[in-house]
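*Asks:* In the numbering used here, the protein residues as written are 149 to 345.
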Ligand SMILES: CC(C)(COP(=O)(O)OP(=O)(O)OC[C@H]1O[C@@H](n2cnc3c(N)ncnc32)[C@H](O)[C@@H]1OP(=O)(O)O)[C@@H](O)C(=O)NCCC(=O)NCCS
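#1: What are the residues that DSSP puts in a beta bridge with residue 224?
#2: Do residue 159 and residue 217 have their beta-carbon atoms positioned less than 7 Å apart in this structure?
#3: Buried or exposed: where does residue 252 fall if 16 or more other Cβ atoms within 10 Å of its Cβ makes it buried?
#4: So does residue 285 have its beta carbon nearer than 6 Å to some heavy atom of ligand 1?
#5: Which same chain residues end up closer than 8 Å to residue 295 when comparing Cβ atoms and leaving out the 5 residues on each side of it in sequence?
#6: Should the stretch 197–205 be regarded as contacting the stretch 177–184, the criterion being three or more beta carbon pairs within less than 8 Å?
#7: With distance defined between alpha-carbon atoms, name the residue in 302, 272, 166, 299 nearest to residue 233.
#8: Is the beta carbon of residue 214 sitting closer than 7 Å to the one on residue 227?
#9: Whose C-alpha, out of 205, 188, 190, 191, is nearest the C-alpha of residue 149?
#10: Check residue 163 in the structure and name its three-state DSSP category.
#11: For residue 280, count neighbouring C-beta atoms within 10 Å of its own C-beta (all shown protein chains included) and say buried if the count is 16 or more, exposed if not.
#12: Tell me which residues share the same chain as residue 314 and place their Cβ nearer than 6 Å to its Cβ, disregarding the 5 neighbours each side in the sequence.
#13: Could you spell out the range, first to last residue, of the alpha helix (DSSP H) harbouring residue 319?
#14: Could you tell me the alpha carbon to alpha carbon distance between residue 175 and residue 268, rounded to whole angstroms?
#15: For residue 155 and residue 240, I'd like the C-alpha separation in whole angstroms.
#16: Quick check: the Cα distance between residue 286 and residue 208, rounded to an integer number of angstroms?
#17: Among the residues of its own chain, which have a CB less than 6 Å from the CB of residue 152, if the five just before and after it don't count?
#18: Does at least one heavy atom of ligand 1 sit under 6 Å from the Cβ of residue 200?
#19: Is residue 290 near ligand 1, with its Cβ less than 6 Å from a heavy atom?
#20: State the DSSP-derived secondary structure class of residue 201, mapped to helix, strand or coil.
#21: What three-state label does DSSP hand residue 191 in the structure shown?
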């Protein structure tokens, strides 16, 4: 996949790059980010550099595509979002965080919508999912606003900073995305039809 930029009026998203190391260090160090993600805390100074290197390798090997989210109004780095592929199943999972000063401006929601569009229209996926800790309802709201559907809660799914956390899952399927776009459905093949009878 070529390096690509995703755009909407409020933001653009481009592949994470070395220039993002300083703002990542600044924002990822906040306890509010660590509380709801697997970002290390305290955030080691070398971690941002290592993260940018890792996501460049993942992009190259087409395992995952991680974008910097740039707020259009300021032109500043506001957070990041990655889509991680399981190609054999034509599915992916999305993860993200937004720097504290940019919370509540709709950026995560609009970025997630762009990444969902990217996943279905450019990567040809069939399913895109995301999960959040049960005590982080703001992230669940982002998933709802991006038209993902609640699928269930895995109890004590993650061991996170000395406690077990329930994980709440949302997803959107290609056919649901296409319906939202007003796109016609390809007809089901015979086998699928007969199985549903
Ligand atoms: C969760 C997070 C990504 C949201 O980013 P954001 O850009 O502020 O999100 P948006 O502005 O697009 O939407 C946030 C929504 O959550 C709602 N919200 C905020 N706090 C909430 C709470 N405690 N309970 C329920 N909803 C809440 C907001 O009101 C808004 O919904 P609305 O537009 O219907 O009012 C951001 O807070 C963050 O990075 N948190 C820490 C890391 C994290 O949680 N990453 C996701 C891991 S799954």
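Think of the CB as a built atom: it goes at the ideal place given N, C-alpha and C, for glycine as much as any other residue.
*Replies:* So, from the data block:
#1: Numbered from 1 along the chain shown, position 76 holds the residue referred to as residue 224. The partner list for residue 224 (beta bridge, DSSP) is empty, contrary to what the question assumes.
#2: Here the question's residue 217 lines up with position 69 in the chain shown. Here the question's residue 159 lines up with position 11 in the chain shown. Cβ atoms of residue 217 and residue 159: closer than 7 Å.
#3: Translated into positions along the chain shown, residue 252 becomes position 104. Its Cβ having fewer than 16 others within 10 Å, residue 252 is exposed.
#4: Counting from 1 along the chain shown, the entry for residue 285 is found at position 137. Yes; taking the cut-off as 6 Å, the Cβ of residue 285 has a heavy atom of ligand 1 nearer than that.
#5: As a working note, residue 295 is residue 147 in the chain shown. 261, 264, 320, 324, 325, 328.
#6: no
#7: Mapped onto the chain shown, residue 233 falls at position 85. It is 272.
#8: Here residue 214 refers to the residue found at position 66 when the chain shown is read from its first residue. Here residue 227 refers to the residue found at position 79 when the chain shown is read from its first residue. Against a cut-off of 7 Å, the Cβ pair of residue 227 and residue 214 comes out as no contact.
#9: By one-based count along the chain shown, residue 149 stands at place 1. Checking every option, the nearest Cα to that of residue 149 belongs to 205.
#10: Within the chain shown, residue 163 is the residue found at index 15, counting from 1. Here residue 163 sits in strand by DSSP.
#11: By 1-based counting over the chain shown, the position of residue 280 is 132. Under this definition residue 280 is a buried residue.
#12: In the chain shown, counting from the first residue as 1, residue 314 sits at position 166. If we look at residue 314 and ignore the five residues flanking it on each side, its Cβ neighbours are 282, 301, 303.
#13: By 1-based counting over the chain shown, the position of residue 319 is 171. Not the alpha helix (DSSP H): residue 319 falls in the beta strand (DSSP E), residues 311–321.
#14: Locating residue 175 in the chain shown gives position 27, where the first residue counts as 1. Locating residue 268 in the chain shown gives position 120, where the first residue counts as 1. Whole-angstrom Cα-Cα distance: 30 Å.
#15: One-based indexing of the chain shown puts residue 155 at position 7. One-based indexing of the chain shown puts residue 240 at position 92. So the two alpha carbons sit approximately 20 Å from each other.
#16: The residue you call residue 286 lines up with position 138 of the chain shown. The residue you call residue 208 lines up with position 60 of the chain shown. In a straight line, the C-alpha of residue 286 is about 32 Å away from that of residue 208.
#17: Here residue 152 refers to the residue found at position 4 when the chain shown is read from its first residue. Excluding positions up to five away in sequence, the list is empty.
#18: The residue you call residue 200 lines up with position 52 of the chain shown. No; taking the cut-off as 6 Å, the Cβ of residue 200 has no heavy atom of ligand 1 nearer than that.
#19: As a first step, residue 290 must be located in the chain shown, where it is residue number 142. Yes.
#20: The residue you call residue 201 lines up with position 53 of the chain shown. The answer is helix: DSSP assigns residue 201 an H, G or I state.
#21: Counting from one through the chain shown, the residue named residue 191 turns up at place 43. In the structure shown, residue 191 sits in coil (DSSP, three-state: anything other than H, G, I, E or B).
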